[in-house]
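Chains as they are written, first to last, in the working numbering: chain U, 1 to 274; chain C, 1 to 191. Here a beta-carbon is modelled for each residue, glycine too, at the ideal position from N, C-alpha and C. See structure below.
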Amino acid sequence: MNDHRPMPHGSALDSRLREFAAEVDALVAPAGGVADVRLRAVRRRTRRRTGATAVVAAVAITSGWWVLPRPTDAPLSAQPDPATGQLVAAASILPSPSADRGLAPRALLSPAALPWNATYRWQAVTTGDGSTAALPSGGTHPCSLVWFSGSSARDQIVRTYSGQGHATAQHRIVDFPTEGEARRSIGEVAEALRRCGWHGAQTTGEGHGQDLPVVYDYALAGDSGAPLRVTLVQSDHRVAVLALGAGHSADPTHTDPRTEHCLGSTPASPRGHC
Amino acid sequence: MNDPAHDPTERDFERFYAESVRRMVVVVYAVTGDIGEAEDAVQEAYARAWPRWNELAEQGDPTPWVRTVALRLAVSSWRRARNRVRAHFRHGPPADIPGLDPDHVALVAALRHLAPEQRRAVVLHHLVDLPVDEVARQTGSTSTAVRSRLMRARRILNSHLSDTAASEAPARVRPRAVAPYRPRQEAYPHE
């Protein structure tokens, strides 16, 4: 039998399906575009290469700590990462949501909980809705970083800090109507940082059937050599940003001994903040 | 650090994505009947194509590879969510694309009455224009089985579609909106 023959009475069905295809083609718009594709590729690679570590992370979450694995890979197009096993407590940057879904100042980090506090001795400056607190802009080349303006964010809360040596920091939590929109937003911000030349340090996300928080770490050497560092965390309908502008250190991945000690505490004694 | 906008590999992939993604969603949507599942499966398929982009591009047209992976993913996730979908059916089928022509809404509804392998055969043969043996190769089946599925599928579609143009009347006289698929040197997933 010649299987290249067209099926009998197929022309009407062909036409109908093609008309359907033409109409649907004009109506669909895949959410996230090619940026979403790259993020999925990174997450998939991370999942495949940190299998055992994801189990450890799952245990840590159960015990009240979100301890992230040492980065084993870098996002696409990123330079090799000189990080030395930096750990970040995602649970401290984005604690569990309140029952009423509201954003409360108590969710923001106290100055003593910020990284490198032993060096910079942070002090809180302002706490508010973030309308006057600017997030980092620019990158290794002229570009604009649009963080959450134009997004579907419906509420924000921000605390700014100052430290010795002209160091500055900001902790921001942004509320979205849905988890999907929060996830889309963090993906767009991460992609924007990447395109502006920020160096990505580590990424994690879903793993082994458990929904871990999505976390990105980006660093940038500033114009005067002072580095900037941004940690993004997304879980449920919220995105958190911890931005640090270290006034002196040339190594944005410099390990903070106090934070390391805190994070190295036994997971059996969960605490909200270090 | 290299600017992604000037990286030829990234540009090449982005161009391929922009030129093919909507059509890909259409095909997977026709098979699954669920636009959300279709979009998710298509995005995931492109994400799997990206790390091996150079290899796929060298082998020829990556479209069949991406489509096959997307369909496998869509069917896989569909099976996992089958109980949830059946629960939704008690209250009505999954929401179609807003603004879709009623005739096409009826077509999607009729396709949902087909078994998965029948639906896939219909879409690949009648929408993507693959010959029967090509449908068999891409679905891991035999030409005989594909022809049998197509004939049974047409009977089922005829019984659910009020417009008998699907069975005997001449084709509607309208210019084709989509160019027919012409098999070229192709890359296929071996996973």
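Practice prompt. Starting from the beta carbon of Pro107/C, find every residue of chain U whose beta carbon is closer than 7 Å, and list them in chain order.
Written response: The identity of residue 107/C in the sequence shown is Leu, whereas the question assumes Pro. Those are Arg16, Phe20, listed as they occur along chain U.
Worksheet item: DSSP on Ile186/U, reduced to helix/strand/coil?
Response: The answer is helix: DSSP assigns Ile186/U an H, G or I state.
Discussion item. Can you give me the C-alpha to C-alpha distance between Pro51/C and His237/U, rounded to a whole angstrom?
Written reply: For Pro51/C and His237/U, the distance between alpha carbons rounds to 30 Å.
Worksheet item: Which whole-angstrom value is the C-beta distance of Pro105/U and Ile157/U, which I expect to be below 8 Å?
Response: Right, their Cβ atoms sit about 7 Å apart.
Discussion item. Could you tell me the alpha carbon to alpha carbon distance between Tyr46/C and Gln123/U, rounded to whole angstroms?
Written reply: Rounded to the nearest angstrom, the gap between the Cα atoms of Tyr46/C and Gln123/U is 46 Å.
Practice prompt. Throw me the rounded Cβ distance for the Leu27/U and Gly36/C pair, which I believe falls under 8 Å.
Written response: Incorrect: roughly 14 Å between the Cβ atoms, too far for contact.
Fill in: Phe13/C and Trp65/C closer than 9 Å at C-beta
Contact: no.
Discussion item. Beta-carbon within less than 8 Å of Ser137/U's beta-carbon, same chain only, minus the 5 sequence neighbours each way: which residues are those?
Written reply: Excluding sequence neighbours, Ser137/U sits near Ser144, Leu145.
Practice prompt. Kindly confirm or deny that the stretch 101-109 of chain C and the stretch 13-27 of chain U touch, where touching means at least three C-beta pairs closer than 8 Å.
Written response: In the pairwise beta carbon analysis, the stretch 101-109 of chain C is classified as touching the stretch 13-27 of chain U: at least three pairs are separated by under 8 Å.
Discussion item. Suppose you measure from the CA of Gly85/U to the CA of Ala153/U; what does that come to, to the nearest Å?
Written reply: Reliability of the predicted coordinates at Gly85/U is poor, the pLDDT of 30 falling under 50, and no value is obtained from them.
Discussion item. In the DSSP assignment, the alpha helix (DSSP H) including Ser159/C goes from what residue to what residue?
Written reply: Ser159/C -> alpha helix (DSSP H) spans 143-160.
Practice prompt. Work out the CA separation of Leu161/C and Glu10/C for me, nearest whole Å.
Written response: So the alpha carbons of these two residues sit roughly 44 Å apart.
Discussion item. In this structure, how does DSSP classify Ile173/U when only helix, strand and coil are distinguished?
Written reply: Annotated three-state conformation of Ile173/U is strand, per DSSP.
Practice prompt. Pull up the distance between the alpha-carbon of Gly209/U and that of Pro8/C, whole angstroms please.
Written response: Per-residue confidence for Gly209/U stands at a pLDDT of 40, beneath the threshold of 50, marking its modelled position as unreliable; the derived number appears in the next sentence. Each residue's alpha carbon lies about 36 Å from the other.
Item to complete: May I ask you to list the residues that DSSP assigns as paired with Ile97/C?
Response: Bridge partners of Ile97/C: none, in fact.
Discussion item. Just to check my reading of the structure: Arg121/U and Gly163/U have Cβ atoms closer than 8 Å, yes? What is that Cβ distance to the nearest angstrom?
Written reply: Between Arg121/U and Gly163/U, the beta carbon gap of about 6 Å places them in contact (Cβ cut-off 8 Å).
Practice prompt. Compare the C-beta of Ala47/C against all C-beta atoms of chain U and say whether one is closer than 9 Å.
Written response: For Ala47/C, the nearest CB of chain U lies under 9 Å from its own CB, placing it at the interface with that chain.
Worksheet item: What beta strand (DSSP E) runs, 3 residues minimum, are completely inside the stretch 90-142 of chain U?
Response: Segments of the beta strand (DSSP E) lying fully in the stretch 90-142 of chain U: 123-128.
Discussion item. Counting C-beta neighbours from all protein chains within 10 Å, is the total for Pro102/C 16 or more, i.e. buried, or is it exposed?
Written reply: Taking a 10 Å sphere around the C-beta of Pro102/C, we find fewer than 16 other C-beta atoms and assign the residue as exposed.
Worksheet item: If you follow the beta strand (DSSP E) that Leu107/C is part of, which residue opens it and which one closes it?
Response: Leu107/C -> not in any beta strand (DSSP E); alpha helix (DSSP H) instead, spanning 102-111.
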